[in-house]
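Quick note: the sequence shown uses our numbering, first residue 7, plus one each step.
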Amino acid sequence: MVVGSTGSGEGLDVEARRLRDTGAEVVWIGAGVSVDDLAATAVAEDAARVVVASGDDPTAVTAALAARHVDDVDVITAAG
7 MVVGSTGSGE
17 GLDVEARRLR
27 DTGAEVVWIG
37 AGVSVDDLAA
47 TAVAEDAARV
57 VVASGDDPTA
67 VTAALAARHV
77 DDVDVITAAG
């Protein structure tokens with residue numbers, strides 16, 4: 007899964023570590039990245055899921071994935 011944020015992503019690094027520690031394969035791309043960067047990384051990594059910060063707009067990431075003809079990636083918001 008790809009974890010990143012278009013904003014400050016405060017606390018998202020902690021969520022990424024928690025996911026990794028539970029056995030998930032996590033690609034952390036950091037905070038302050040564009041929606042297109044999130045979508046492109048998800049495609050490049052063949053990710054099944056993108057996790058964004060609670061302040062991010064998951065529908066924008068879904069739209070960026072759809073523009074790449076990708077409809078099988080779940081985009082979720084991290085709790086917190």
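Here a beta-carbon is modelled for each residue, glycine too, at the ideal position from N, C-alpha and C.
Problem set entry | Residues that G10 bridges to, as DSSP identifies them | Start at 1 with the first residue of the sequence shown, and residue 10 comes out as number 4. Looking at the DSSP assignment, G10 forms a beta bridge with G36.
For this session: Taking the CB atoms as reference points, tell me whether V33 and L25 lie closer together than 8 Å.
Result: Position 27 of the sequence shown holds residue 33. Position 19 of the sequence shown holds residue 25. If you check the CB distance, V33 and L25 do not come in under 8 Å.
Exercise. How many angstroms separate the CA atom of D80 from the CA atom of V57?
Worked result: Position 74 of the sequence shown, counting from 1, holds the residue named residue 80. Position 51 of the sequence shown, counting from 1, holds the residue named residue 57. So the two alpha carbons sit approximately 8 Å from each other.
Exercise. Apart from the five residues on each side of it in sequence, which residues of its chain come closer than 7 Å, Cβ to Cβ, to A45?
Worked result: Residue mapping note: residue 45 aligns to position 39 of the sequence shown, counting from 1. Answer for A45: V67, A70, L71, R74, listed in chain order.
For this session: Tell me, please, which residues DSSP counts as bridged to T83.
Result: What you label residue 83 is simply residue 77 of the sequence shown in a count that begins at 1. Looking at the DSSP assignment, T83 forms a beta bridge with V58.
For this session: Could you give the DSSP three-state label for R74: helix, strand or coil?
Result: Taking the first residue of the sequence shown as 1, we reach residue 74 at position 68. Note: R74 maps to coil in three-state DSSP.
Exercise. By a C-beta neighbour count over all protein chains shown, 10 Å radius and 16 as the cutoff for buried, is I82 buried or exposed?
Worked result: On the sequence shown, position 76 is the one that residue 82 refers to. It is exposed - the Cβ of I82 has fewer than 16 other Cβ atoms within 10 Å.
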